[in-house]
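Student: So the sequence shown is numbered by the working numbering: it starts at 82 and just counts up by one.
Cβ atoms here follow ideal geometry from the backbone N, Cα and C, with glycine treated the same way.
Note that the coordinates shown come from a computational prediction; the quantities given were computed from them, not determined experimentally.
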Amino acid sequence: MLHGETIHSPLPMDVPWWMADHFVFFGVLYAVLFVLGSGLGYVILKSVLEAREGGHGHGSH
């Protein structure tokens, strides 16, 4: 990648990690996406498990 050239793809293998500004921006972006994806996966898994046991969880209802 040449100096001043824009990136062609946001995929991890296409990002020039040796450039500090790209490293910080995409590092934070991928960290946030990982946290959101993990939270969403947890909620979906918990919902499926509660639905499988009949919805009689430890809620207030």
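For a test of the three-state rule: what should DSSP assign to Leu126, helix, strand or coil?
Tutor: helix
Student: In whole angstroms, give me the CA-to-CA distance for Leu110 and Glu134.
Tutor: 36 Å
Student: Using DSSP with H/G/I as helix, E/B as strand and the rest coil, what is Met100?
Tutor: In the structure shown, Met100 sits in coil (DSSP, three-state: anything other than H, G, I, E or B).
Student: Which value, in whole angstroms, describes the spacing of the CA atoms of Leu121 and Ser128?
Tutor: Taking C-alpha positions only, Leu121 is separated from Ser128 by approximately 11 Å.
Student: Considering only their Cβ atoms, is the gap separating His89 from Pro97 smaller than 8 Å?
Tutor: no
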